[in-house]
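In this note's numbering, the protein residues as written are 17 to 123.
Cβ atoms here follow ideal geometry from the backbone N, Cα and C, with glycine treated the same way.
Beneath this line is the structure, given in structure tokens, with notes to follow.
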């Protein structure tokens with residue numbers, strides 16, 4: 017009973033955004049640089065959804081979390097300035113970039 021895996025997010029740490037994944041036996045640290053932006057609305061939901069999608073694709077838990085962390089990091093790096101408060105991450109950046117239209121849609 018209980019969770020087989022636990023992910024502790026480090027996004028609110030002062031210096032970097034190191035997450036900790038525990039699989040019941042070992043601890044895996046997932047490091048990334050802190051991105052200075054106020055636009056982080058939905059990062060937790062996006063991360064958990066990306067992990068679930070990667071698991072559905074057949075990836076291991078560790079691979080799913082690593083891939084999801086890379087995805088959300090890029091989405092935060094290219095977050096959107098919308099409104100006056102905390103803005104959203106940019107879920108579509110990679111798609112727009114691969115399509116060669118990011119420069120057209122970013123403004």
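(request) Note the first and the last residue of the continuous beta strand (DSSP E) segment covering residue 36. (result) 35-38
(message) So, with DSSP's three-state summary, where would you put residue 92?
(response) helix
(message) Quick check for students: name the residue ranges of the alpha helix (DSSP H) that lie wholly in the region 57-122, counting only runs of 4 or more.
(response) 59-72, 77-93, 109-115, 118-121
(message) Does residue 21 pass the burial test, meaning 16 or more other C-beta atoms within 10 Å, or should it be called exposed?
(response) The residue in question, residue 21, is exposed, as its Cβ has fewer than 16 Cβ neighbours within 10 Å.
(request) For the beta strand (DSSP E) containing residue 44, list its first residue and its last residue. (result) Its beta strand (DSSP E) spans residues 43-46.
(request) Reducing DSSP to helix, strand and coil, say where residue 51 ends up. (result) coil
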